[in-house]
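Report on the structure given below.
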Ligand code: C2E
Ligand code: MG
Ligand code: MG
Ligand code: MG
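In UniProt numbering, the protein residues as written are 1 to 252.
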């Protein structure tokens, strides 16, 4: 795995996030891919868990951030302005203060403004952040970096996190969106949107695949969407094509 990182067998794909109110691109999420050639593909969920177990995850997360920053400067040169880019960080990576300084060093190296980056915290593992880690997260936030609770309502991504981490965004988990229009899932979605609104957080609905889901979420006041209905995660070249040809098709 470590060797594959150095031999360029990992790559980053980008999935658009659409604001259907103003019909604009809200941002993109960077998603890591592992190209294993002829061998069976391994999903990110699986290799991220492996990387967590083998103490390789902060290396991987920082590598992705570095690729993202490099990509953003390349796109800027081509006139592709991305309002916000989300990068996933494992709680295992974030529990290490060294990762925090590497995040700042990476943004600095590429001259990417801190307010262009959102860190999505995925909570598959139960991590108790020390006070030192929390205060450092607050410091990053004060410098402009935003935090998002990924897969909100699932695993350890819960209300408790909201009380400790300086969160600006919630991501309504795909498993809830998937089961719309069932009433239970509608209520869960409504509650998530309501707490987001009351706390002044943006809420992104993940995994939106069809107009039925979109319409229900719009009725509930959701404004930002990410899912196959709009676009799958795209390679660099496919994203450029999407940006210039397809992105303006969306919205009301
Ligand atoms: P996530 O951060 O919740 O990312 C969203 C996942 O949902 C992505 O899966 C995306 O491809 C998928 N998705 C988006 N829209 C739809 C849809 O409409 N339908 C369906 N069926 N799926 C949709 P992916 O790329 O396989 O990534 C899985 C997870 O791996 C991510 O979930 C994230 O937790 C983790 N991951 C990916 N890249 C990284 C990384 O660089 N660092 C860390 N720490 N975790 C990463
Ligand atoms: Mg994510
Ligand atoms: Mg998610
Ligand atoms: Mg997920």
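Note that the Cβ used here is the ideal one computed from N, Cα and C, for glycine as well.
Between residue 164 and the set 177, 175, 193, 131, the nearest pair of CA atoms involves 131. Inclusion of residue 169 and residue 199 in the CB contact set at 8 Å is not warranted, their separation being larger than that value. Ligand 1 never approaches residue 220 closely enough for any of its heavy atoms to be under 7 Å from the residue's Cβ.
Taking the Cα of residue 195 as reference, the smallest distance to any Cα among 181, 214, 172 is reached at 172. When the beta-carbon positions are compared, residue 205 and residue 225 come within less than 8 Å of each other.
With a threshold of 16 other beta carbon atoms within 10 Å, residue 192 meets it and is buried. Only residues of its own chain outside the window of five on either side were considered, and among them 208, 209, 210, 211, 213, 214 have a CB closer than 8 Å to the CB of residue 229, listed in chain order. Note: residue 34 is bridge-paired with 10 in the DSSP secondary-structure output. Taken through DSSP and simplified to helix, strand or coil, residue 43 comes out as coil. Runs of the beta strand (DSSP E) lying entirely within the region 45-127, each at least 3 residues long, are 85-89, 117-121 in chain order.
With fewer than 16 other Cβ atoms inside 10 Å of its own Cβ, residue 79 counts as exposed. DSSP places residue 219 within a helical segment (H, G or I) once states are collapsed to three. Take the alpha-carbon of residue 70 and the one of residue 183: they are about 44 Å apart. For residue 232, there is no enclosing alpha helix (DSSP H), as DSSP gives it neither H nor E. Within the same chain, 62 come within 7 Å of residue 102 by CB-CB distance, once the 5 residues on both sides are set aside. In this chain, the beta strand (DSSP E) harbouring residue 202 covers 202-206.
Shown here, residue 131 sits in a helix according to DSSP, grouped into three states. The residue from 218, 140, 137, 4 with its alpha-carbon nearest to that of residue 34 is 4. With 16 or more other Cβ atoms inside 10 Å of its own Cβ, residue 48 counts as buried. Residue nearest to residue 143 within the set 85, 82, 113 is 113 (criterion: CA-CA distance).
For residue 224, no alpha helix (DSSP H) segment is defined; the enclosing uninterrupted segment is the beta strand (DSSP E) at 224-226.
When the five nearest sequence neighbours on each side are left out, the beta carbons in the same chain lying within less than 8 Å of the beta carbon of residue 220 are those of 186, 189, 190, 193, in order along the chain. Look at residue 45: its beta carbon is less than 7 Å from one of the heavy atoms in ligand 1. Shortest Cα-Cα distance from residue 227 to any of 174, 246, 237, 149 involves 174. Checking the DSSP bridge columns, you'll see residue 148 partnered with 120, 169.
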